Amino acid sequence: VQLQASGGGLVQAGGSLRLSCTASGSISSINAMGWYRRAPGKQRELVAIMTKFGIPNYADSVKDRFTISRDFSTSTVHLQMNRLKPEDTAVYYCNTATWNNPPIHYWGQGTLVTVSS
């Protein structure tokens, strides 16, 4: 599975950004698609992920601000980020998890989101 992410950039606090990630390759093996992030000096953390059944899971810190969606026809996952805060500044990584047990994870190249105060 290969992942190509787009979006990100610099935005002021309170603004919005949209991330997108398209998968290619062994698409049928993919269950969940979503996003993780790594802020400076911190460990990587889950932001939001959605299963192939359309069930989302969000980090508490982004609930009610971020929305994840999937376009199954194009194997794309989107992350709409609203009311951004400086603490959302991080490199965001697209992630997929396969149906395998345990699942195999694939990662995109990372895209930088910077929120200025």
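Each residue of the sequence shown is one higher than the one before, starting from 1304 at the first, in our numbering.
Glycine included, C-beta positions come from ideal geometry on N, C-alpha and C.
Note that this is a predicted model, so its numbers are computed, not measured.
- Judged by beta-carbon spacing, Arg1347 lies within the 9 angstroms limit of Tyr1396, meaning their Cβ atoms are closer than that value.
- For Ala1308 and Thr1414, the gap between their C-alpha atoms comes out near 7 angstroms.
- Close CB contacts of Cys1324 within its chain, under the 6 angstroms cut and outside five residues either way in sequence, are with Leu1306, Ala1308, Val1380, Cys1397 and Gly1411 (chain order).
- Apart from the 5 residues on each side of it in sequence, Lys1388 sits with its Cβ closer than 7 angstroms to the Cβ of Ala1316 and Val1418 in its chain, given in chain order.
- Within the same chain, Leu1320, Arg1321, Leu1322, Ser1323 and Thr1414 come within 7 angstroms of Gly1310 by CB-CB distance, once the 5 residues on both sides are set aside.
- A Cβ-Cβ distance of about 6 angstroms is found for the pair Ala1326 and Val1304, placing them in contact under the 8 angstroms criterion.
- Annotation: Gly1312 to Thr1392 spans about 10 angstroms, alpha carbon to alpha carbon.
- For Ala1400, the beta-bridge partners assigned by DSSP are Ala1335 and His1408.
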